[in-house]
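Q: Starting off with a structure, shown below.
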Amino acid sequence: MTAHRSPIRRAAAVAAAATAAVVLAACGGGNDSSAGHDGHAKTSSPTASAAAGQGERNAADISFAKGMIPHHQQAVEMAELAETRSRSAEVKKLAAEIKKAQGPEIKTLSGWLTAWGEEVPEERESGEHAGHSMSGMMTPEEMDRLERSSGRAFDTAFLELMVKHHEGAVEMARTEQSDGAYRPAKDMAGDIVTSQSAEITRMKKLLGEN
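Every letter in the sequence shown is one number past the one before it in numbering that gives the first Met the number 0, and letter 65, counting from 1, is 64.
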């Protein structure tokens with residue numbers, strides 16, 4: 000009987016070990032599967048997908064809004080100078096169009112920043128703002144020179160400076176198009192590229208005629 004018991008015990012032990020291995024594998028598989036589902040949920044859950052669809056803002060969107068506000072404010076200030084200093088009907092018309100387009104965009108950009116809990120740049124005063132270091136922004140000296148000019152001299156200075164200003168805005172907008180995530184901001188950037196590129200062409204033509 001002893002000779003028969005040992006193989007039986009060995010077989011039982013092997014069977015028990017095999018059962019334990021299956022149980023452990025099942026548990027391990029369950030954990031791996033759970034981790035996999037958890038990871039999947041983090042990237043593809045309905046909530047995440049919905050947020051992506053709405054266009055969560057990123058650092059580029061915030062930078063675009065904070066930079067474009069003072070950029071637009073300066074353009075509006077320059078356009079307002081044209082109302083009383085320009086002698087060209089075409090320059091006055093262009094300036095009015097710039098003011099009409101960029102004023103509402105300033106409000107929209109400010110609204111985004113407020114909704115995102117970000118600080119809205121303060122209203123510029125006399126052309127002096129930290130934003131003058133941004134692409135295309137006029138220096139305080141350039142703004143003073145423009146303000147002191149009138150007639151044909153103003154028109155030439157206005158067009159030259161506004162071409163530079165628009166080129167800076169187009170550059171900023173293209174950065175938003177490539178790096179931004181918030182769809183409304185990217186759409187605005189596209190509009191800026193289209194409209195201001197057309198205005199640059201128009202202003203260069205006026206400079207040739209001036």
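Where is the CB? At the ideal position from N, CA and C, for every residue including glycine.
Determine the DSSP secondary structure at S5, reduced to helix, strand or coil.
A: As a position in the sequence shown, residue 5 is number 6, starting the count at 1. No answer about S5 holds up, because its pLDDT of 46 lies below 50 and its placement is not dependable.
Q: Looking at E117 and I61, is the spacing between their C-beta atoms short of 9 Å?
A: Numbered from its first residue, the sequence shown carries residue 61 at position 62. Numbered from its first residue, the sequence shown carries residue 117 at position 118. In contact: I61 and E117 (Cβ atoms closer than 9 Å).
Q: Helix, strand or coil for V119 per DSSP?
A: Counted from its first residue, the sequence shown places residue 119 at position 120. V119: coil per DSSP, three-state reduction.
Q: Measuring alpha carbon to alpha carbon, tell me which of I68, S109 and A78 ends up nearest L160.
A: Start at 1 with the first residue of the sequence shown, and residue 160 comes out as number 161. For the residues I68, S109 and A78, the minimum Cα distance to L160 belongs to A78.
Q: With a threshold of 8 Å on Cβ separation, who are the neighbours of A156 within its own chain once the five nearest residues in sequence on each side are excluded?
A: Here residue 156 corresponds to residue number 157 of the sequence shown, with the count starting at 1. The residues are R144, L145 and S148.
Q: For H165, which of A88, R84, D190 and W115 has the nearest alpha-carbon?
A: In the sequence shown, residue 165 corresponds to position 166, counting from 1. It is D190.
Q: For M136 and T113, what's the separation of their Cα atoms in angstroms?
A: Sequence index remark: in the sequence shown, residue 136 carries index 137 (1-based). Sequence index remark: in the sequence shown, residue 113 carries index 114 (1-based). So the two alpha carbons sit approximately 24 Å from each other.
Q: Under a Cβ-count criterion, where at least 16 other Cβ atoms within 10 Å of its own Cβ denotes burial, should M202 be classed as buried or exposed?
A: Residue numbering aside, residue 202 sits at position 203 when the sequence shown is read from its first letter. In the assembly as shown, M202 is a buried residue. Its beta-carbon has 16 or more other beta-carbons within 10 Å.
Q: Here's a check: name, in chain order, each residue in its chain whose Cβ is nearer than 8 Å to the Cβ of V75, leaving out the five neighbours to either side.
A: Against the sequence shown, residue 75 aligns to sequence position 76. Once the five neighbours on either side are set aside, the close Cβ partners of V75 are I97, K98, Q101, G102 and I105.
Q: According to the neighbour-count rule (16 or more other Cβ atoms, all chains shown, within 10 Å of its Cβ), is K65 buried or exposed?
A: Along the sequence shown, read from residue 1 onward, the residue named residue 65 stands at position 66. With 16 or more other Cβ atoms within 10 Å, it is buried.
Q: On a CA-only basis, which of E55, A94 and A59 is nearest Q73? Give me that one, please.
A: By one-based count along the sequence shown, residue 73 stands at place 74. Minimum Cα distance to Q73 is reached at A94.
Q: Pull up the CB-CB distance for S134 and M171, whole angstroms please, since I reckon it's below 8 Å.
A: Taking the sequence shown and counting its residues from 1, one reaches residue 134 at position 135. Taking the sequence shown and counting its residues from 1, one reaches residue 171 at position 172. That belief holds up - the Cβ atoms of S134 and M171 are roughly 6 Å apart, short of 8 Å.
Q: When burial is assigned at 16 or more other CB atoms within 10 Å of the CB, is A184 buried or exposed?
A: In the sequence shown, residue 184 corresponds to position 185, counting from 1. Classification for A184: buried.
Q: Secondary structure at M202, three-state DSSP: helix, strand or coil?
A: Your numbering for residue 202 matches position 203 in the sequence shown. Helix at M202.
Q: For P120, count neighbouring C-beta atoms within 10 Å of its own C-beta (all shown protein chains included) and say buried if the count is 16 or more, exposed if not.
A: Reading the sequence shown from its first residue, position 121 is the one you call residue 120. Classification for P120: buried.
Q: Taking the continuous alpha helix (DSSP H) assigned at S109, which residues delimit it?
A: Here residue 109 is taken as the residue at index 110 of the sequence shown, counted from 1. Residues A88 to A114.
Q: Name the residue from L158, T193 and I68 whose alpha carbon lies nearest to the alpha carbon of G110.
A: Your numbering for residue 110 matches position 111 in the sequence shown. For G110, the nearest C-alpha among the options comes from I68.
Q: Could you check what DSSP says for T174 in three-state terms: helix, strand or coil?
A: Here residue 174 refers to the residue found at position 175 of the sequence shown. DSSP places T174 in helix when its eight states are reduced to three.
Q: Measure the CB-CB distance between E82 and K91 and report whether it falls below 9 Å.
A: Position 83 of the sequence shown holds residue 82. Position 92 of the sequence shown holds residue 91. Their beta carbons are under 9 Å apart, which means E82 touches K91 by this criterion.
Q: Leaving out the 5 sequence neighbours to the left and right, which residues in its chain are closer than 7 Å to G150 when beta-carbon positions are compared?
A: Mapped onto the sequence shown, residue 150 falls at position 151. Here the set comprises R86.
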